[in-house]
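J.: For the sequence shown, our numbering gives the first residue as 143, with consecutive numbering after it.
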Amino acid sequence: MKKIGIVVLFVGVLALSVSNFYLTVSKLIWLISLLISNIIIYYLFFKKSVSMARIESELKRLEKSNRVILGTSDQILNTNRELEEGSLQQSESLHETAIALDEINAMAARSSSHCETSITLSSECINASGKGKEAVNNLKDSFIKIKDGNISFSKYISDSNEKILEISNVIKEINTRTKIINDIVFQTKLLSFNASVEAARAGEHGKGFSVVAEEIGNLANLSGSAANEISKMLEESVLRVDEIVEESQIAVEKISATSEESIELGEVAVTLCDNSLDDISMRIDEVNRSVLEISSASKEQRIGVEEITKAVNLLNQVNQKINLVVGQSKQVAYSVSKESEELDEVVARMIFATTGHERIKSNDAELFEWDDSYLIHVDDMDDEHQILVEKINLLVESLNKETSLEMLPKFNDMCDYTVEHFTHEEEFMRSFNYEEYDAHKKIHDNLLSFLRSFEESIRNGTVDKIKLVGFLKNWLISHIMGVDTKYAGVYQESRAKLTA
Numbered sequence: 143m144k145k146i147g148i149v150v151l152f153v154g155v156l157a158l159s160v161s162n163f164y165l166t167v168s169k170l171i172w173l174i175s176l177l178i179s180n181i182i183i184y185y186l187f188f189k190k191s192v193s194m195a196r197i198e199s200e201l202k203r204l205e206k207s208n209r210v211i212l213g214t215s216d217q218i219l220n221t222n223r224e225l226e227e228g229s230l231q232q233s234e235s236l237h238e239t240a241i242a243l244d245e246i247n248a249m250a251a252r253s254s255s256h257c258e259t260s261i262t263l264s265s266e267c268i269n270a271s272g273k274g275k276e277a278v279n280n281l282k283d284s285f286i287k288i289k290d291g292n293i294s295f296s297k298y299i300s301d302s303n304e305k306i307l308e309i310s311n312v313i314k315e316i317n318t319r320t321k322i323i324n325d326i327v328f329q330t331k332l333l334s335f336n337a338s339v340e341a342a343r344a345g346e347h348g349k350g351f352s353v354v355a356e357e358i359g360n361l362a363n364l365s366g367s368a369a370n371e372i373s374k375m376l377e378e379s380v381l382r383v384d385e386i387v388e389e390s391q392i393a394v395e396k397i398s399a400t401s402e403e404s405i406e407l408g409e410v411a412v413t414l415c416d417n418s419l420d421d422i423s424m425r426i427d428e429v430n431r432s433v434l435e436i437s438s439a440s441k442e443q444r445i446g447v448e449e450i451t452k453a454v455n456l457l458n459q460v461n462q463k464i465n466l467v468v469g470q471s472k473q474v475a476y477s478v479s480k481e482s483e484e485l486d487e488v489v490a491r492m493i494f495a496t497t498g499h500e501r502i503k504s505n506d507a508e509l510f511e512w513d514d515s516y517l518i519h520v521d522d523m524d525d526e527h528q529i530l531v532e533k534i535n536l537l538v539e540s541l542n543k544e545t546s547l548e549m550l551p552k553f554n555d556m557c558d559y560t561v562e563h564f565t566h567e568e569e570f571m572r573s574f575n576y577e578e579y580d581a582h583k584k585i586h587d588n589l590l591s592f593l594r595s596f597e598e599s600i601r602n603g604t605v606d607k608i609k610l611v612g613f614l615k616n617w618l619i620s621h622i623m624g625v626d627t628k629y630a631g632v633y634q635e636s637r638a639k640l641t642a
């Protein structure tokens with residue numbers, strides 16, 4: 143913004159300076175005209191002793207000065223054309239810039255809207271991530287409860303197996319008691335056998351006792367068979383109980399191991415999911431912060447674009463004023479040229495009135511004297527500037543001789559060397575990336591084009607030598623002092639930074 147303000151100020155000052163310069167030249171011509179009249183009146187009425195040769199000499203000097211002013215006027219017209227061209231280009235550029243700024247402003251508005259939408263979505267993602275984390279925590283608690291339940295179930299099965307083993311022990315105890323019954327049956331059978339033997343010995347008297355002994359034996363056999371069956375059933379029950387306990391223990395251990403492994407895998411997955419949700423939440427927070435920063439930057443950008451738009455509008459207003467000033471300056475420049483020509487005619491009439499001559503022949507053009515104040519302290523360029531002065535002086539000498547055969551070659555030689563010098567100068571500016579290279583080159587092109595406009599008048603012998611030389615001197619001095627010193631200063635600064 144600061145640079146834009148500086149540009150606006152510079153352009154305004156430039157336009158004002160050009161306008162003031164044109165007005166100053168116009169006033170100068172008016173003062174010269176007044177001075178001529180006063181000189182003539184003074185010499186004719188108050189200095190009658192002064193010779194007409196003296197008056198003629200003074201008028202020649204005035205004529206010469208007027209020719210220089212004519213040359214300067216041509217340069218002013220050329221500068222005015224460049225200013226007009228630059229103003230038109232600036233108008234087009236400002237128009238395109240204004241359109242681009244409108245588009246940028248629209249894009250900034252869309253970006254701001256997208257940022258607000260992104261902030262809303264980001265907040266929703268943060269809420270969803272929080273709910274997901276809460277669900278994962280609930281799932282983690284459920285896994286812990288399942289794990290505790292499996293432990294309780296395993297303990298319950300173990301306790302049940304122990305109780306079943308206690309039942310098995312009871313059955314074993316019953317089996318032990320059943321063996322005692324078998325012993326009793328065996329003793330009963332033995333007693334029945336002994337009773338039968340004793341009944342047989344008793345004969346007739348022991349028959350009833352023999353029947354009783356037989357029945358007791360039968361009961362003993364029946365009891366023995368039942369005891370054997372019970373013992374067998376008890377043994378089978380013990381075996382079956384042991385098998386059930388063993389199978390139950392194996393199944394429970396297998397189920398517990400599988401369940402524990404699944405729970406461990408689930409816990410790992412839940413932990414990874416929890417970590418992922420934490421990472422997602424953190425990333426979303428970062429995205430949210432970035433979106434907020436983008437939103438803030440977008441708002442600042444929009445404010446900046448609005449400020450730039452205001453500055454461009456201000457530049458456009460200034461440029462419109464410049465266009466008006468350029469139009470006025472152009473008219474002033476033409477007026478300066480016309481007034482200078484009229485002054486030339488006034489001088490001619492004054493000379494005729496005082497000397498009786500129709501026209502005083504043009505004075506010789508003065509040579510261009512080199513001054514060290516023209517140095518820009520870039521050795522190669524300073525050398526070429528001095529050579530260019532020598533080329534101009536060779537042209538001046540040929541102009542003073544008024545031999546068209548010499549004037550045109552000298553003029554072409556000077557033009558060719560000017561092209562060569564401009565080429566070297568442009569290469570030099572590119573060597574250190576001079577920012578104003580394009581504008582400087584444009585000035586070169588315009589100067590060459592205007593310089594070539596004198597070629598036809600030299601060719602047909604109608605060139606006004608004092609006007610041409612005045613233009614060349616003013617052009618070279620103003621170009622060196624006003625344009626070349628700029629790139630020289632930038633070059634010196636760049637060298638100072640490299641050596642620092």
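Yeah, the Cβ is synthetic: ideal placement off N, Cα and C, and Gly gets one too.
What residues in its chain sit with their C-beta under 8 Å from that of V625, if we drop five residues either side in the sequence?
T.: Once the five neighbours on either side are set aside, the close Cβ partners of V625 are H582 and I585.
J.: Quick check on H563: does DSSP put it in helix, strand or coil?
T.: Helix, per DSSP.
J.: For my contact list, I534 and M556 are in at a C-beta cut-off of 8 Å; report their separation, rounded to the angstrom.
T.: Contact flag correct, Cβ pair sits at about 6 Å.
J.: From V412 to G272, what distance separates their C-alpha atoms?
T.: Rounded to the nearest angstrom, the two C-alpha atoms are 15 Å apart.
J.: Between the segment 387 to 403 and the segment 291 to 306, are three or more C-beta pairs nearer than 8 Å?
T.: A contact exists between the segment 387 to 403 and the segment 291 to 306.
J.: Look at the alpha carbon of I358 and the alpha carbon of S338, and state the distance between them as a whole number of angstroms.
T.: Approximately 10 Å between the Cα atoms of the pair.
J.: Hey, quick one: how far does the alpha helix (DSSP H) through N535 stretch, first residue to last?
T.: Counting along the chain, the alpha helix (DSSP H) containing N535 begins and ends at D521 to K543.
J.: Look up E635 in the DSSP assignment and say whether it is helix, strand or coil.
T.: Three-state result, E635: helix.
J.: My assumption, with CB atoms under 8 Å, is that I426 sits in contact with S235. Please give the rounded CB distance.
T.: No, I426 and S235 are not in contact; Cβ-Cβ is about 45 Å, not under 8 Å.
J.: Take E435 as the anchor and find which of S540, L457, S254 and E577 has the nearest alpha-carbon.
T.: Closest by alpha carbon: S254.
J.: Can you give me the Cβ contacts of G274 inside the same chain, cut-off strictly under 6 Å, excluding the 5 residues immediately before and after it?
T.: Closer than 6 Å at Cβ, skipping near neighbours: L419.
J.: Of the residues I392, S620, S367 and M549, which one's Cα is nearest the Cα of M536?
T.: Just to set this straight, residue 536 is Leu in the shown sequence, not Met. Out of I392, S620, S367 and M549, M549 has the C-alpha closest to the C-alpha of L536.
J.: Under three-state DSSP, which class holds Y579?
T.: In the structure shown, Y579 sits in a helix (DSSP, three-state: H, G or I).
J.: Judging by CA-CA distance, which residue of F553, T259, I261 and E409 is the nearest neighbour of S284?
T.: Of the listed residues, the one whose Cα sits closest to S284 is E409.
J.: Quick one: residues in its chain with C-beta nearer than 7 Å to the C-beta of I288, no 5 flanking neighbours on either side, listed in chain order?
T.: Same-chain partners within the cutoff: I405.
J.: DSSP three-state call for D606: helix, strand or coil?
T.: D606: coil per DSSP, three-state reduction.
J.: Where do the N-terminal and C-terminal ends of the alpha helix (DSSP H) with I600 fall, by residue?
T.: Its alpha helix (DSSP H) spans residues E597 to R601.
J.: Skipping 5 residues on each side, what residues in its chain have a beta carbon closer than 8 Å to that of V605?
T.: Same-chain partners within the cutoff: L541, M549, F596 and S599.
J.: Short of 7 Å in beta carbon distance, which residues of its chain neighbour C267, apart from the five on each side in sequence? Order them along the chain.
T.: Answer for C267: I426, listed in chain order.
J.: Would you mind working out which of H519, A270, I422 and L281 sits nearest K628, comparing C-alpha positions?
T.: It is H519.
J.: Decide if the segment 609 to 620 is in contact with the segment 562 to 582; the criterion is three or more beta carbon pairs, one per stretch, under 8 Å apart.
T.: As far as the Cβ criterion goes, the segment 609 to 620 does not touch the segment 562 to 582, which means the pair count is below three.
J.: With a threshold of 7 Å on Cβ separation, who are the neighbours of A638 within its own chain once the five nearest residues in sequence on each side are excluded?
T.: Closer than 7 Å at the Cβ level, and outside the excluded window around A638, lies no residue.
J.: Below 8 Å on the Cβ atoms is my guess for T451 versus L590; work out the distance and round it to an integer in Å.
T.: Between L590 and T451 the Cβ distance is about 39 Å, and since that is not below 8 Å, they are no contact.
J.: When the distance is taken between beta carbons, is S260 closer than 8 Å to V394?
T.: Taking 8 Å as the Cβ cut-off, V394 and S260 do not qualify as a contacting pair.
J.: Between D506 and M623, what straight-line distance do the alpha-carbon atoms span, to the nearest angstrom?
T.: Those two C-alpha atoms are separated by around 26 Å.
J.: Is DSSP giving F510 helix, strand or coil here?
T.: Coil at F510, not helix or strand.
J.: How long is the line joining the alpha carbons of D521 and V632, rounded to whole angstroms?
T.: Taking the straight line from one Cα to the other gives about 15 Å.
J.: Could you check which residue in F510, L407 and L610 has the C-alpha nearest to that of I594?
T.: Looking at the sequence provided, one finds Arg at residue 594 rather than Ile. Ranking F510, L407 and L610 by Cα distance to R594 puts L610 first.
J.: Can V312 and D416 be called in contact, C-beta distance under 8 Å?
T.: Going by C-beta atoms, V312 is not nearer than 8 Å to D416.
J.: Whose C-beta lies closer than 8 Å to the C-beta of S423 among residues of the same chain, with five residues either side of it excluded?
T.: Cβ neighbours of S423 beyond the five flanking positions: I268, S271, G272 and K275.
J.: Please report how far the alpha carbon of L517 lies from the alpha carbon of M571, in whole angstroms.
T.: Roughly 17 Å separates the two Cα atoms.
J.: Since V531 and F553 are thought to touch, with beta carbons under 8 Å apart, how far apart are those beta carbons, to the nearest angstrom?
T.: The pair is not a contact, with the Cβ atoms about 15 Å apart (cut-off 8 Å).
J.: Note down, one range per segment and in chain order, each alpha helix (DSSP H) of at least 4 residues found wholly within the segment 234 to 260.
T.: None, since the segment 234 to 260 contains no complete alpha helix (DSSP H) of that length.
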